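Here the structure comes first, spelled out in structure tokens, and everything after it is commentary.
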Amino acid sequence: MVDAVEHLRVTYNDIHNLIRKCTPKIAAEFNPDLLVAIGGGGFFPARVMRTFLRAETEHKALQIQAIGLSLYEPVEGTSVNVIGHEVIRTQWLGPDSGKLLLGRKNLIVDEVDDTRKTLHYALSELEKDVEAELLTRPESERAALREATKFAIFVVHNKNKPKLADLPAETLYFAGANVDDVWLDYPWEAMDIEEHDRRASADKTQA
Ligand code: 5GP
Numbered sequence: 000m001v002d003a004v005e006h007l008r009v010t011y012n013d014i015h016n017l018i019r020k021c022t023p024k025i026a027a028e029f030n031p032d033l034l035v036a037i038g039g040g041g042f043f044p045a046r047v048m049r050t051f052l053r054a055e056t057e058h059k060a061l062q063i064q065a066i067g068l069s070l071y072e073p074v075e076g077t078s079v080n081v082i083g084h085e086v087i088r089t090q091w092l093g094p095d096s097g098k099l100l101l102g103r104k105n106l107i108v109d110e111v112d113d114t115r116k117t118l119h120y121a122l123s124e125l126e127k128d129v130e131a132e133l134l135t136r137p138e139s140e141r142a143a144l145r146e147a148t149k150f151a152i153f154v155v156h157n158k159n160k161p162k163l164a165d166l167p168a169e170t171l172y173f174a175g176a177n178v179d180d181v182w183l184d185y186p187w188e189a190m191d192i193e194e195h196d197r198r199a200s201a202d203k204t205q206a
């Protein structure tokens, strides 16, 4: 089968530099207490972001927590994935999820916002965990705790395309770069990283 989708090859250095450029804005406007990385693509970006956030904010204890979500199914014979119908949880924060998130500024990190279904799912489910945790707290404390609990989103790449799900208008949203609706080839998916980097470099020369 011929793979007709346009690809954009991204290198580790490209990702590192996009995160470096975006972090001062995130530190100034949100200053997270906790990073929630959506696996697997959000793991490397979250780890890199922590390096820059720590430098910006001197927040030495900045934790990274992980959730695993899957929406895509590989298409046989191509390097492209097609959209699955629903988001599947493969890993979550555990029984103390709400306790962990409550009262904190939580930055959800993923590598790419394509249809937005994954980010919508992650945010709404994490918010549900917070609401469940609030029910265990005295009623008099709930409003202040809810107010102190914030979520924001960081993606390395946002694709400029109609989205299939929404995020609440008040949710802060940061993207390292906005790109066309192409298929992004990430370095951690490459079998031969030197070849991947060579081709990425050739693409840049041609552009
Ligand atoms: P969404 O829910 O926004 O449609 O998709 C999010 C997930 O789909 C990403 O975390 C990623 O795993 C996968 N995905 C979407 N577009 C791309 C792409 O262009 N390249 C790669 N490698 N993965 C993608």
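Numbering follows numbering that gives the first Met the number 0, in which position 202 of the sequence shown is assigned residue number 201; successive positions increment by one, without gaps.
Idealized CB from N, CA, C, for every residue including glycine.
Model, not experiment: these values are computed from the prediction.
Are the C-beta of Asp179 and some C-beta of chain C separated by less than 9 Å?
Absent from the structure is chain C; it holds one protein chain and no more.
With a threshold of 16 other CB atoms inside 10 Å of the CB of Gly243, please say whether the residue is buried or exposed.
Residue 243 is absent from the structure shown; the chain starts at 0 and stops at 206.
Could you say which of Trp182, Arg136 and Glu132 lies nearest to Lys158 if we only look at CA atoms?
With distances taken between Cα atoms, Lys158 lies closest to Trp182.
Which residues in the same chain have their Cβ closer than 6 Å to the Cβ of Asn177, if we skip the five residues on either side of it in sequence?
Within the same chain, Asn177 has close Cβ partners Asn157 and Asn159.
Are Ala142 and Ile107 touching if we call contact CB-CB under 9 Å?
No. Outside cutoff.
Distance check for Asp184 and Met0, CA to CA, integer angstroms please.
Because Met0 sits at a pLDDT of 48, beneath the cut-off of 50, its placement in the model cannot be relied upon, and the following sentence gives the value as read from the coordinates. Each residue's Cα considered, the two are about 18 Å apart.
Among the candidates Asp32, Val155, Val86 and Ser96, whose CA atom is the shortest distance from the CA of Thr117?
Of Asp32, Val155, Val86 and Ser96, the residue nearest in Cα terms is Val86.
Would you list the one or two residues that DSSP bridges to Arg8?
For Arg8, which the question treats as bridged, DSSP gives the partners Asp184.
Do Val86 and the ligand 5GP come close, with the Cβ less than 8 Å from some heavy atom?
Indeed, a heavy atom of the ligand 5GP lies less than 8 Å from the Cβ.
Do Gly102 and Ala147 have their beta-carbon atoms positioned less than 9 Å apart in this structure?
Against a cut-off of 9 Å, the Cβ pair of Gly102 and Ala147 comes out as a contact.
List the DSSP bridge partners of Arg88.
Leu68, per the DSSP bridge assignment.
Would the stretch 123–140 count as touching the stretch 16–24 if we require 3 or more Cβ pairs under 8 Å?
Output reads no: the stretch 16–24 does not touch the stretch 123–140.
Compare the beta carbon distance of Val212 and Ala121 with 9 Å and say whether it is the shorter of the two.
Look at the range of the chain in this structure, 0 to 206, and you will see that residue 212 is not part of it.
Between Leu122 and the ligand GDP, is the CB less than 8 Å from at least one heavy atom?
Looking at this structure, you won't find the ligand GDP anywhere; what it does contain is the ligand 5GP.
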